[in-house]
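See below for the structure under consideration.
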Amino acid sequence: MKHWRLIKRYNEQIKALEELKIHILANVSHELRTPITVARGAIELAECEEDPAERAEYLNMALDALSRLGRIVDDMIGASRLMKGEIKPRFGMVNMVELINRICHDFASELKRSGITLHLRCDDTLPPVRGDRNLLMHALRNLMSNAIKFNREGGRITIQTEKGRGCVKICIADTGIGIPGDKIHRVFDVLYQIDSSPTRRYGGTGLGLAIVREIVEAHGGRVGVDSRIGRGSTFCVTLPTANDAEKS
Ligand code: ADP
């Protein structure tokens with residue numbers, strides 16, 4: 002009787018893994034197809050365009066789509082390497098306010114295109130974090146990119162820093178669609194998306210937040226989210242400050 006139960010459980014697990022494989026194939030191929038179609042279309046248009054300015058615009062469009070494709074593949078490779086423990090953080094002193102300013106600068110044109118205003122409430126006296134600058138940059142970029150993607154046209158993003166006891170806290174708040182209460186606990190799971198249907202409105206692979214959590218935890222930190230449907234979401238990252246991280 003005991004054996005039957007075990008076999009039944011294994012079979013259920015195998016079935017769930019099969020379903021996950023099918024989901025990954027469908028989701029990832031869908032995500033890759035969009036930029037490939039855009040790039041191909043733009044190159045075909047550029048080929049028959051005689052006006053040099055128009056041609057350059059089509060080629061830029063193709064380049065943008067190929068960059069997006071590159072980012073998706075980088076995310077997939079990065080996520081699997083992080084989760085396999087193949088990427089070891091290279092620790093140094095990181096000034097998080099400087100990092101935030103850099104990210105805001107990089108996202109400036111995307112924010113402008115989306116009509117989103119950015120409010121920075123950063124404390125210039127924030128103590129440094131002992132961390133890997135590139136990995137922390139990657140984590141904050143993923144949060145920022147979601148805050149733009151799931152925001153509304155003309156919305157707002159507020160980035161706020163806070164000093165805590167032996168730690169610093171960075172919160173990125175948006176005025177977007179929000180996350181349903183019964184699904185919020187799953188958003189950091191690998192490949193989880195609230196809407197993963199092929200007709201979904203927002204692109205993505207469902208890896209961004211899993212990468213954020215992996216990076217933050219590799220720094221001895223925590224990441225959490227608070228959200229209200231239709232009002233927006235706030236993601237907060239807490240990281241130990243350099244002196245405290247060195248002690249542990
Ligand atoms: P994706 O590639 O789909 O953006 P993520 O891992 O970054 O994957 O996020 C997982 C899911 O969590 C998203 O598909 C979305 O449903 C939800 N989510 C993440 N960030 C936000 C946000 N700022 N506002 C609303 N929903 C969000």
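Using the working numbering, the first residue of the sequence shown is number 2, and each one after it goes up by one.
Where is the CB? At the ideal position from N, CA and C, for every residue including glycine.
So, under 8 Å CB-CB, Thr-126 and Arg-157 are touching, yes? Tell me the CB distance rounded to an integer number of Å. For the purposes of this step, residue 126 is identified with residue 125 of the sequence shown, where counting begins at 1. For the purposes of this step, residue 157 is identified with residue 156 of the sequence shown, where counting begins at 1. Incorrect: roughly 25 Å between the Cβ atoms, too far for contact.
Excluding the 5 residues preceding and the 5 following Gly-165 in the sequence, name in chain order all residues of the same chain whose CB lies nearer than 8 Å to its CB. Walking along the sequence shown from the start, residue 165 turns up at place 164. The residues are Thr-239.
For Val-98 versus Cys-123, is the C-beta spacing smaller than 8 Å? Here residue 98 refers to the residue found at position 97 of the sequence shown. Here residue 123 refers to the residue found at position 122 of the sequence shown. Result yes, Cβ atoms of Val-98 and Cys-123 sit closer than 8 Å.
Express the C-alpha separation of Arg-131 and Ala-243 in angstroms, rounding to a whole number. What you label residue 243 is simply residue 242 of the sequence shown in a count that begins at 1. What you label residue 131 is simply residue 130 of the sequence shown in a count that begins at 1. Roughly 4 Å between the two C-alpha positions.
In the DSSP assignment, what residue or residues form a beta bridge with Phe-236? Start at 1 with the first residue of the sequence shown, and residue 236 comes out as number 235. Answer by DSSP bridge pairing, in chain order: Ile-173, Val-226.
Which partner residues of Arg-157 appear in the DSSP bridge assignment? One-based indexing of the sequence shown puts residue 157 at position 156. Paired residue(s): Thr-118.
Going by DSSP in three states, Ala-243 sits in which element: helix, strand or coil? Along the sequence shown, read from residue 1 onward, the residue named residue 243 stands at position 242. In the structure shown, Ala-243 sits in a helix (DSSP, three-state: H, G or I).
Taking all protein chains shown into account, do 16 or more other C-beta atoms lie within 10 angstroms of the C-beta of Leu-21, making it buried, or fewer, making it exposed? Along the sequence shown, read from residue 1 onward, the residue named residue 21 stands at position 20. By the neighbour-count rule (16 or more Cβ atoms within 10 Å), Leu-21 is not buried but exposed.
Can you name, in chain order, every residue of its own chain whose Cβ lies under 8 Å from the Cβ of Leu-100, other than the five neighbours on each side? The sequence position of residue 100 within the sequence shown is 99, counting from 1. Contacts found: Arg-134, Leu-137, Met-138, Leu-141.
In angstroms with no decimal places, state the Cα-to-Cα distance between Met-84 and Val-217. On the sequence shown, position 83 is the one that residue 84 refers to. On the sequence shown, position 216 is the one that residue 217 refers to. Going from the Cα of Met-84 to the Cα of Val-217 covers about 13 Å.
Reduced DSSP secondary structure (H/G/I, E/B, other) of Thr-200: The residue labelled residue 200 in the question sits at position 199 within the sequence shown. Coil at Thr-200, not helix or strand.
Please state whether the Cβ-Cβ distance between Ile-252 and Asn-152 is less than 8 Å. Lying before the first or after the last residue shown, residue 252 is absent from the chain, which here runs from 2 to 249.
Counting Cβ pairs closer than 8 Å, one from the region 75-84 and one from the region 223-238, do we hit at least three? Three or more beta-carbon pairs separated by less than 8 Å are not found between the region 75-84 and the region 223-238, which leaves the two stretches without contact.
Reference Ala-148; option with closest CA among Lys-170, Ser-197, Tyr-203, Glu-163: If you number the sequence shown from 1, residue 148 lands on position 147. When only C-alpha atoms are compared, the closest one is Tyr-203.
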